[in-house]
Structures are given as structure tokens and as C-alpha cells.
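Reading through the C-alpha cells given below for one structure.
Have a look at this one:
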């Protein structure tokens with residue numbers, strides 16, 4: 043699966059362009075994860091407090107298409123998994139990417155309601171693969187249209 047959708051062999055459109063992404067992290071605005079997400083065409087909003095961010099997802103005016111959680115800045119991988127379970131319990135099935143240095147093995151689940159887990163420090167390649175995996179429904183819809 044690629045980030046580009048080549049319908050016409052002489053033109054390609056960026057499928058990731060315009061994805062509204064919530065980054066839950068204490069990293070600065072121009073940190074490595076936000077820069078890489080921006081480079082893929084995401085519109086990023088950064089929130090540094092987990093429960094404020096979850097409240098924003100549930101009650102906020104915007105619908106986020108992707109949530110990226112830097113687990114190391116919120117208390118660990120277990121806390122990130124707990125946040126994902128809270129989102130699932132509310133019926134929100136927004137794709138989630140968990141990034142943690144505690145992650146021994148990166149996971150790309152077959153179930154679209156499960157979180158993609160990536161190992162920190164995050165490389166551009168692993169983020170791109172994780173992004174494409176988490177956003178596979180959007181990629182399929184873009185290819186179908």
C-alpha cells in the first residue's frame with residue numbers, strides 16, 4: 043500500500059493530505075513526530091494532557107481522523123492502551139497510533155478497531171508504514187473514488 047493513489051499514470055494525488063490528526067504529546071510544536079506527520083500532509087493539533095485530549099475528541103467540535111499518542115510523555119504504553127480502550131468504550135473508532143519506547147515489537151493489527159503500536163524513537167519509515175496501516179480505509183476509499 044502506498045501513500046499515493048495513481049489513477050492516471052501521469053498524475054498522483056497524496057492520499058494522506060488533509061488528515062485531521064490529534065497528537066497527544068509533550069514534545070514541542072516542531073518536534074520530530076509533528077514534523078513527520080506534517081510532511082505526510084496531516085493537519086496536526088497538539089495536546090499535552092491526555093484527559094483533556096480525550097475530552098476534546100469526545101465533545102469537541104472537530105472530528106479527528108487519526109490520533110497519535112506519544113505514550114512516553116503520558117505515563118507509558120499501559121496508559122496509552124487504557125486511553126485507546128476508553129475511546130473504544132464510547133463507540134469512537136478513530137484510528138490510533140501508539141508510540142512508545144516500551145514497545146518491544148511493533149504491531150499492525152488486522153482488526154481496524156485496534157491500535158497500531160510503534161517503537162520509539164520513531165523513524166520516518168515506521169511512521170509512514172504505521173500511518174498507512176492505520177489509515178487503510180481512507181486509502182481504499184480514495185482508490186475507489
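Numbering (my numbering), first residue to last: 43 to 187.
Ideal Cβ positions, reconstructed from N, Cα and C, are used throughout, including at glycine.
Where residue i falls: helix, strand or coil (DSSP)
{"i": "residue 174", "result": "helix"}
{"i": "residue 168", "result": "helix"}
{"i": "residue 121", "result": "helix"}
{"i": "residue 154", "result": "coil"}
{"i": "residue 81", "result": "helix"}
Counterpart residues of residue i in DSSP-defined beta bridges
{"i": "residue 87", "result": "64"}
{"i": "residue 142", "result": "161"}
{"i": "residue 129", "result": "For residue 129, which the question treats as bridged, DSSP gives no partner whatsoever."}
{"i": "residue 109", "result": "64 and 138"}
{"i": "residue 149", "result": "159"}
Cβ neighbours of residue i in the same chain (closer than 6 Å, five flanking residues each side left out)
{"i": "residue 61", "result": "84, 107 and 108"}
{"i": "residue 23", "result": "Because the chain in this structure spans residues 43 to 187, residue 23 falls outside the shown range and cannot be described."}
{"i": "residue 115", "result": "67 and 68"}
{"i": "residue 161", "result": "145 and 148"}
Distance between residue j and residue i (C-alpha atoms, nearest Å)
{"i": "residue 96", "j": "residue 72", "result": "22 Å"}
{"i": "residue 143", "j": "residue 103", "result": "32 Å"}
{"i": "residue 117", "j": "residue 69", "result": "14 Å"}
{"i": "residue 149", "j": "residue 78", "result": "20 Å"}
{"i": "residue 166", "j": "residue 131", "result": "31 Å"}
{"i": "residue 147", "j": "residue 172", "result": "13 Å"}
{"i": "residue 145", "j": "residue 133", "result": "26 Å"}
Close Cβ partners of residue i (< 7 Å) along its chain, the five nearest in sequence each way excluded
{"i": "residue 49", "result": "Reliability of the predicted coordinates at residue 49 is poor, the pLDDT of 48 falling under 50, and the value obtained from them is presented with this limitation in mind. Once the five neighbours on either side are set aside, residue 49 has no close Cβ partner at all."}
Close Cβ partners of residue i (< 8 Å) along its chain, the five nearest in sequence each way excluded
{"i": "residue 63", "result": "79, 84, 85, 86, 87, 106, 107, 108, 109 and 110"}
{"i": "residue 74", "result": "163 and 164"}
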